[in-house]
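Step one of this worksheet: look at the structure below.
Number of protein chains: 4
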Amino acid sequence: MEDSAKERILAAAEELFADGGFDATPTSRIAERAGVPKGLVHYYFNRKQDLLAALVARLPDSTVDHRRVVVAGDIAESLRRLVAALDARLNASPLLSHLLWREADTHSAVRDAVRARYDNVAAQIKQVILAAGGAAVAIKDVEAAAALLALAVSYRHSVARHSDEDDPIDRELAFVASALGQPQARPAR
Amino acid sequence: MEDSAKERILAAAEELFADGGFDATPTSRIAERAGVPKGLVHYYFNRKQDLLAALVARLPDSTVDHRRVVVAGDIAESLRRLVAALDARLNASPLLSHLLWREADTHSAVRDAVRARYDNVAAQIKQVILAAGGAAVAIKDVEAAAALLALAVSYRHSVARHSDEDDPIDRELAFVASALGQPQARPAR
Amino acid sequence: MEDSAKERILAAAEELFADGGFDATPTSRIAERAGVPKGLVHYYFNRKQDLLAALVARLPDSTVDHRRVVVAGDIAESLRRLVAALDARLNASPLLSHLLWREADTHSAVRDAVRARYDNVAAQIKQVILAAGGAAVAIKDVEAAAALLALAVSYRHSVARHSDEDDPIDRELAFVASALGQPQARPAR
Amino acid sequence: MEDSAKERILAAAEELFADGGFDATPTSRIAERAGVPKGLVHYYFNRKQDLLAALVARLPDSTVDHRRVVVAGDIAESLRRLVAALDARLNASPLLSHLLWREADTHSAVRDAVRARYDNVAAQIKQVILAAGGAAVAIKDVEAAAALLALAVSYRHSVARHSDEDDPIDRELAFVASALGQPQARPAR
DNA sequence: AATGAATGAGACTTCATTCAT
DNA sequence: AATGAATGAAGTCTCATTCAT
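Residue numbers (the UniProt record's numbering), protein chains in the order written: chain A, 1 to 189; chain B, 1 to 189; chain C, 1 to 189; chain D, 1 to 189.
Here it is in structure tokens:
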């Protein structure tokens, strides 16, 4: 029933770091919210920085099962499903995602995690496009499309904080899929 | 001619904020680097936060003269020139650009500036596409393309810190231009 | 028309000192309220402390014309009139009166002024009692009565800030007058 | 037995506040006098203001056992004994008493304490008068007498700093008692 | 005479971290 | 294993005062 004290500390740190930033969050408030004595935070995580590292190490894997996503011949639908699946994954800890970008260049562990996550998303998009679109698509275009969409996806889960407005990514997604989907229509050059 | 003390303080703050972050930069170190007594920093900028606001208010305008950029009928080239021009503008203070994203959600003044800059870039991309491509392009696609490219451009001047590697934006740019450039080839829907 | 700058500084200092205390009032705010540049305050009053001394030196005289107050044979009415006259005098700068007690033991000039004012009030009460009551009253009782009433009067114009409630001093006044007023009832000695 | 650090901090603060005033006393000097590191002061009392509040909360009770004071039929002697007992009580921390009036209107906690103490003293005087004088005394006079004497008593323990001179309160006390004691005829004494 | 930029000492406060228990 | 008292370095900010003009 009860989460372990260590777990509660991590959860409290995640919320507070995401909300106010790493520097602005005192360890004492983490202890307070976790309902543990102040000393325990440093007992488990010697330095405050270690808490952040532990949080990053717990990041959920953002890899999606492609077989459940790819619709052969339909890049647009495939991408839509992929993005939906990624959303579900990344939304498991939206606060943490948000935190990542903020502290990305102060702490190398965080920066590495941000890059790894971005690369992973881009790679998945690329694979899904290829799986759905077949070999007909120029690899260069696939990479460009993946880079753009990965940026858009990552952005939604970090800086944007899921702005309340309608989700505009569908528009971009359709545009990219359409661009990729009619290779025959493109002039030789 | 010596720069004024106020100017030196702003310059020092810009460098240090961009380098180590707002929170991690003591006002004393700003004074030290600016070569002014500690008190002068607070004489000009009552609170540390005001220094950040002043920095944001000094942001260079990122608006480009479209007549120098648009090549009628050639979206790709037009976009390439626009991005080059934007780069020149935004590179005037790369550190500041970098700082923006980092402090975007702690300080509302910064967040507003980030959004305004993004919106401005997106609007320019859209206008250039329309001017170069004529009315043949579907407005919906233009908006999607502008959103994606604006993100990529903004990203380069902020988080990415102009990663050392080759500039990958040309690839994305060509892809988008190509997608927009052959409207006639696309199926009715 | 215009009050002189020096005068405006004094007036501003009086209000602010009385309101927030001497220590808690920055000279810059005095300048601000007086509508003068910050440097002018120290131009006229070298040290902040000198401003306080100047304020004390301006204290209105609290001496009342006894001929307008004494009603022969009626101590109670005489005291009532005296207190009313003193009130009018001291109320000329209620804020300053209030300030006096507060800073009384930090600045000797203020302490001396407080004592002088108290002694002056006590002496007047004594004189009025004697003038109204004739020689029938025991001098020892007169002094005791004067000491008690002077305290009550001074207190009203300082710490109490004229509490909104009904003025209770009339009660004390009547009591004292009555005690002094029936000498015939008291054994000869 | 060493006093606890917290106790030493309170004692040091009491002395320094009473001596130089609240505003003029840096927490660093409190720490210095208490022989503790500067941080410990704020560890126990988050804000400097809390130190003052803690001091006020420690105020000794000024309530006296009336049975040991009242001499039936002799108001003067009863009051004399009451004042002596109150003196003993309030003298337990003369410095604190002195501090009270000074900071009374800057800090509400202090103002409340001052009023409560005054009201308590006045109520005790009233009760003792009634107990000693019987029902013969007019209630209105009792209240006036209590108000005057309470002011005199409070004043001695605060602003006056027990002026070195002879204690003049006996005179006032005798005057009041005499006024109350012989309304109809006033015995020879 | 008047100004306001400039100074620097020092105040309050926060907080990560240590350590005895 | 766990605790929370204790530490002291460092941070932001205030302000009386000086001084060149």
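Glycine included, every Cβ here is placed at the ideal spot set by N, Cα and C.
{"Check": "Residue environment, T63 of chain A, which counts as buried when at least 16 other CB atoms sit within 10 Å", "Outcome": "exposed"}
{"Check": "Residue range of the alpha helix (DSSP H) that includes R29 of chain A", "Outcome": "T27 to A34"}
{"Check": "Separation of L180 of chain D from F175 of chain C, as counted between CA atoms", "Outcome": "9 Å"}
{"Check": "Closest residue to S78 of chain C among C:L40, C:A132 and C:V114 (Cα-Cα distance)", "Outcome": "C:A132"}
{"Check": "Interface positions of the segment 129-150 of chain D facing chain C (Cβ-Cβ less than 7 Å), listed along the chain", "Outcome": "K140, D141, E143, A144, A145, A147 and L148"}
{"Check": "Residues of its chain near P187 of chain C, where Cβ-Cβ distance is below 6 Å and the 5 sequence neighbours each way are ignored", "Outcome": "Only weak support exists for where P187 of chain C lies, its pLDDT of 40 falling under 50; the value from the coordinates is given anyway. Cβ neighbours of P187 of chain C beyond the five flanking positions: none."}
{"Check": "CB contact check: D23 of chain C to chain D, cutoff 8 Å", "Outcome": "yes"}
{"Check": "Partners in chain C for A152 of chain D, counting only beta-carbon separations shorter than 8 Å", "Outcome": "A147, L148 and L151"}
{"Check": "Sequence-distant residues of the same chain with beta carbon closer than 7 Å to R29 of chain B, five excluded per side", "Outcome": "L16"}
{"Check": "Beta-carbon neighbours of E172 of chain A, restricted to chain B and to distances below 7 Å", "Outcome": "A144, A147 and L148"}
{"Check": "Given R80 of chain B as reference, the closest of B:V69, B:L90, B:R89 and B:G73 once Cα atoms are compared", "Outcome": "B:V69"}
{"Check": "Within chain C, the residues that R102 of chain D reaches when beta carbons sit closer than 9 Å", "Outcome": "W101, R102, E103, A104, D105 and T106"}
{"Check": "CB contact check: A175 of chain A to chain B, cutoff 8 Å", "Outcome": "Just to set this straight, residue 175 of chain A is Phe in the shown sequence, not Ala. For F175 of chain A, the answer is yes, since a Cβ of chain B falls inside 8 Å of its Cβ."}
{"Check": "Where H107 of chain A falls: helix, strand or coil (DSSP)", "Outcome": "coil"}
{"Check": "Span separating the alpha-carbon of L55 of chain C from that of K48 of chain D", "Outcome": "30 Å"}
{"Check": "Cutoff 6 Å; reference H162 of chain C; Cβ partners in own chain excluding five residues on either side", "Outcome": "Reliability of the predicted coordinates at H162 of chain C is poor, the pLDDT of 46 falling under 50, and no value is obtained from them."}
{"Check": "Sub-8 Å separation of L100 of chain A and A113 of chain A beta-carbons", "Outcome": "yes"}
{"Check": "Residue-chain proximity (A179 of chain B, chain A), Cβ-Cβ < 8 Å", "Outcome": "yes"}
{"Check": "Simplified DSSP state of G20 of chain A, which is helix, strand or coil", "Outcome": "helix"}
{"Check": "Residue range of the alpha helix (DSSP H) that includes residue 190 of chain B", "Outcome": "The requested residue 190 of chain B does not occur in the structure, where chain B is confined to residues 1 to 189."}
{"Check": "Whether A146 of chain A touches I169 of chain A by CB criterion (8 Å)", "Outcome": "no"}
{"Check": "From B:A104, B:L151 and B:L82, residue whose alpha carbon lies closest to that of H66 of chain B", "Outcome": "B:L82"}
{"Check": "Member of D:A109, D:L90 and D:L148 whose CA lies at the smallest distance from the CA of I125 of chain D", "Outcome": "D:L148"}
{"Check": "Spatial neighbours of G35 of chain A in its chain, beta-carbon cut-off 7 Å, leaving aside the 5 residues before and after", "Outcome": "R8"}
{"Check": "Among A:A85, A:P37, A:A138 and A:A13, the one whose alpha carbon lies nearest that of V153 of chain A", "Outcome": "A:A85"}
{"Check": "Cα-Cα separation, R102 of chain D to V137 of chain C", "Outcome": "37 Å"}
{"Check": "Closest Cα partner of K140 of chain C within the set D:D105, D:A116 and D:S178", "Outcome": "D:S178"}
{"Check": "Residue-level contact to chain A via CB, Y43 of chain B, 8 Å cutoff", "Outcome": "no"}
{"Check": "Buried or exposed by the 16-neighbour rule on C-beta atoms within 10 Å, applied to R117 of chain A", "Outcome": "buried"}
{"Check": "Where the alpha helix (DSSP H) through V71 of chain D begins and ends", "Outcome": "Looking at the DSSP string, V71 of chain D is not in any alpha helix (DSSP H), and its letter there is neither H nor E."}
{"Check": "CB contact check: Y118 of chain A to chain B, cutoff 8 Å", "Outcome": "no"}
{"Check": "Beta-carbon separation (whole angstroms), L96 of chain A vs A5 of chain A, contact threshold 8 Å", "Outcome": "Contact flag wrong, Cβ pair sits at about 20 Å."}
{"Check": "Candidates C:L151, C:D3 and C:V110: closest to L51 of chain C by CA position", "Outcome": "C:V110"}
{"Check": "P94 of chain C (DSSP reduced to helix, strand or coil)", "Outcome": "helix"}
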